[in-house]
Ligand SMILES: [Fe+2]
Ligand SMILES: [Fe+2]
Ligand SMILES: [Fe+2]
Ligand SMILES: [Fe+2]
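Residue numbers (my numbering): 35 to 512.
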């Protein structure tokens, strides 16, 4: 049921400050948590950080003492909310495990928003970013295996595939190419405004996380990979913020922020499977309804405008986490070869001119090799294959070819080949592959895993060498 947040009563501001014990609650157990509960926690942490950053920016641009006092009061609440949510993550979840979860958030959130986005141009921008975060998951998964010896499905729980998409080495653009055309504030659907702001908050959090933790591994490959991908996340922030109408006033933006927070907490409350976490979403929705009322009153007082003119009256449901496998696969197969060209437009790799501005930029940053290719090659050397996990075995088999076919006309010299056989193989006493060719994704995995499985992992499906070969043959013949 859709909610009109302007008809609901929130929790009074004087009851929104909590004790340190109430702020820093016990974390979830990483062995038990539902993958999408973890996704909601990561996203809402990003949303609260955006609320804080925005409020600081607004305060610095304002000379109205009453307004500044109000912002400072609400900002303190947003700060406590952020602490509570981020402190739900446990200390034993490694940086790389959390990184896998960050990319799962990016993929499933972006895919859901793209599927529900009413504006075709905005949807196209989401699809474009989607394939880049999808490829990041694949690159980080190589590193998770190399450094921690872990399978990404310990985090993803089989809800998100791990496949190469648009290659990360091609995500690096001449900075101005990321600037897209913005929506018009009076004509845009409120859902588009909320979608863009939600995704922007998520991407900004990802950028800041990688910028902060990318130095925490001793491995030079890991340190470089975080540097490389944090830079792509900076491009994502630039891309998504450029979609916002710059003529929105600060107060209008404030109303939109509080509305967006309401929409996200409302979605979390409606979809949460963990009863303890659900209570947190409910409490914070109560806080945000009051924030929205206060921001709306300020808009009325200072600009004589009704908040509903900015937001509409119905909360959309942006933070819906569900498997978008079919959608992602379709975007993957159809658009991996798209690239950004001037004027906020997209073109196919084959249509790019020799003086496409990103070629020059990529030649500079890639002159000494590309970290996102190095980790694939290292994993191939270590295991005889790169790490891919998909519900559809044919997608896994085609992954190497797709990775190479999606490159632009000027790939870096150290690009990993499609298959291990194209590298210089060394003597092995075991056949190359993951656990003797056991498939590690069960396509019929119960979505309530791991609770339903109660500790029993899904039975791995054995793929026989004969079947794999005949499929490869069929592909070649086609
Ligand atoms: Fe908040
Ligand atoms: Fe990413
Ligand atoms: Fe991203
Ligand atoms: Fe708020």
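From the three backbone atoms N, C-alpha and C, an ideal C-beta is built for every residue, glycine too.
All of these numbers come straight from a predicted model, not from anything done at the bench.
Whole-number beta carbon distance between residue j and residue i, since they are thought to touch under 8 Å
i	j	result
residue 337	residue 285	6 Å
residue 211	residue 57	That pair is no contact at about 42 Å.
residue 386	residue 443	7 Å
residue 19	residue 129	Residue 19 is absent from the model: the chain starts at 35 and stops at 512.
Within 8 Å, strictly: CB atoms of residue i and residue j
i	j	result
residue 131	residue 194	no
residue 363	residue 298	no
residue 79	residue 120	yes
residue 265	residue 216	no
residue 229	residue 290	no
residue 174	residue 218	no
residue 365	residue 204	no
residue 156	residue 234	no
residue 43	residue 323	yes
residue 165	residue 200	yes
residue 423	residue 187	yes
residue 176	residue 409	yes
residue 68	residue 448	no
residue 259	residue 378	no
For residue i, the three-state DSSP class (helix, strand or coil)
i	result
residue 417	helix
residue 380	strand
residue 171	helix
residue 156	helix
residue 193	coil
residue 38	coil
residue 482	Note that residue 482 has pLDDT 48, beneath the 50 cutoff, so the model's placement of it is unreliable and no number is given.
residue 404	coil
residue 488	Here residue 488 scores only 41 on pLDDT, less than 50, and its place in the model is too uncertain to base an answer on.
residue 134	helix
residue 373	strand
residue 423	strand
residue 121	coil
residue 96	coil
residue 280	coil
residue 355	coil
residue 322	helix
residue 53	coil
residue 112	helix
residue 571	One cannot answer for residue 571 here, as it falls past the ends of the chain, which runs 35 to 512.
Closest by C-alpha distance to residue i, when choosing among the options
i	options	result
residue 159	208, 272 and 349	272
residue 45	411, 328 and 440	328
residue 513	275, 447, 448 and 240	Here the chain comprises residues numbered 35 to 512, so residue 513 is not present and cannot be evaluated.
residue 105	92, 392, 191 and 259	92
residue 172	428, 334 and 413	413
residue 316	302, 325 and 307	302
residue 168	269, 140 and 153	140
residue 192	135, 50, 94 and 392	135
residue 51	367, 320 and 394	320
residue 237	334, 252, 81 and 246	81
residue 254	125, 305, 403 and 388	403
Can you list every residue whose CB sits closer than 6 Å to some heavy atom of ligand 1, going in chain order? The set, ordered by position in the chain, is 82, 85, 112, 115, 295 and 322.
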